Amino acid sequence: MILFCVTTSFVLSLYCCVQFFLFIFFLNVTLKHLSRAWDMAQAYRDMREANWKNSDKYFHARGNFEAAERGAGGRWAAEVISDTREWVQGKMGHGAEDTAADQEANRWGRDGNDPNHYRPKGLADKY
Numbered sequence: 001m002i003l004f005c006v007t008t009s010f011v012l013s014l015y016c017c018v019q020f021f022l023f024i025f026f027l028n029v030t031l032k033h034l035s036r037a038w039d040m041a042q043a044y045r046d047m048r049e050a051n052w053k054n055s056d057k058y059f060h061a062r063g064n065f066e067a068a069e070r071g072a073g074g075r076w077a078a079e080v081i082s083d084t085r086e087w088v089q090g091k092m093g094h095g096a097e098d099t100a101a102d103q104e105a106n107r108w109g110r111d112g113n114d115p116n117h118y119r120p121k122g123l124a125d126k127y
């Protein structure tokens with residue numbers, strides 16, 4: 001009987017430890033994805049704040065670049081967010097030409113290229 005109680009107690013303890021570590025793992029993964037989405041959201045907020053003509057492609061490239069800098073998961077998150085955004089905008093009537101140009105800027109940034117390639121003249125240095 002004592003052996004059964006010890007074994008049962010050990011199994012339950014092991015089960016709880018595994019559950020705890022799985023929880024911590026998934027919490028960590030979730031927080032990483034949120035930080036990558038934050039990069040994309042920050043670039044969008046900066047674009048809205050700057051309100052600068054022809055700066056759209058720069059902010060697309062910058063958001064993707066910053067998210068991809070966080071590693072393979074960041075690159076994946078940037079691609080999913082960008083593709084979803086472009087799909088929604090396509091459904092809202094944005095032209096295919098604009099979508100293609102946005103996606104080119106998205107890929108440019110995700111591939112680790114300098115977003116300043118798309119930076120318009122006169123855009124404030126804080127961006």
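Here this note's numbering is used: the first residue of the sequence shown is 1, the next is one more, and so on. Ideal Cβ placement from N, Cα and C applies to all residues, glycine included. Quick caveat, the model's predicted, so the values are computed rather than measured.
- Item | Identity of the residue in Trp76, Ala78, Ala77 and Gln103 nearest Gln89 by Cα | Gln103
- Item | Of the listed residues Ser82, Asp114, Ala50 and Arg36, nearest to Ala101 (C-alpha basis) | Ser82
- Task: Assign Met129 to one of three DSSP states: helix, strand, or coil.
- Result: Missing from the structure shown is residue 129; the chain here goes from 1 to 127 and no further.
- Would a C-beta distance cut-off of 8 Å place Arg110 and Glu79 closer than the cut-off? yes
- Query: Under three-state DSSP, which class holds Glu69?
  - Reply: coil
- Task: With DSSP collapsed to three states, give me the class of Met92.
- Result: coil
- Query: What three-state label does DSSP hand Asn64 in the structure shown?
  - Reply: helix
- When the Cα atoms are used, what is the spatial distance from Asp46 to Tyr127? Roughly 7 Å between the two C-alpha positions.
- Task: Quick one: grab the DSSP three-state call for Leu118.
- Result: Leu is not the amino acid found at residue 118; the sequence shown has Tyr there. In the structure shown, Tyr118 sits in a helix (DSSP, three-state: H, G or I).
- Task: Just the C-alpha distance for Arg48 and Gly71, rounded to the nearest angstrom, thanks.
- Result: The C-alpha of Gly71 is placed about 26 Å away from the C-alpha of Arg48.
- Sorted by chain position, which residues of the same chain lie with C-beta nearer than 7 Å to Ser55's C-beta, five sequence neighbours on each side aside? Closer than 7 Å at Cβ, skipping near neighbours: Met47, Pro120 and Leu123.
- Item | Burial state of Arg96, where buried means 16 or more other Cβ atoms lie within 10 Å | Looking at the sequence provided, one finds Ala at residue 96 rather than Arg. Ala96 comes out exposed.
- Report yes if the CB atom of Asp39 is closer than 8 Å to the CB atom of Ala61, and no otherwise. no
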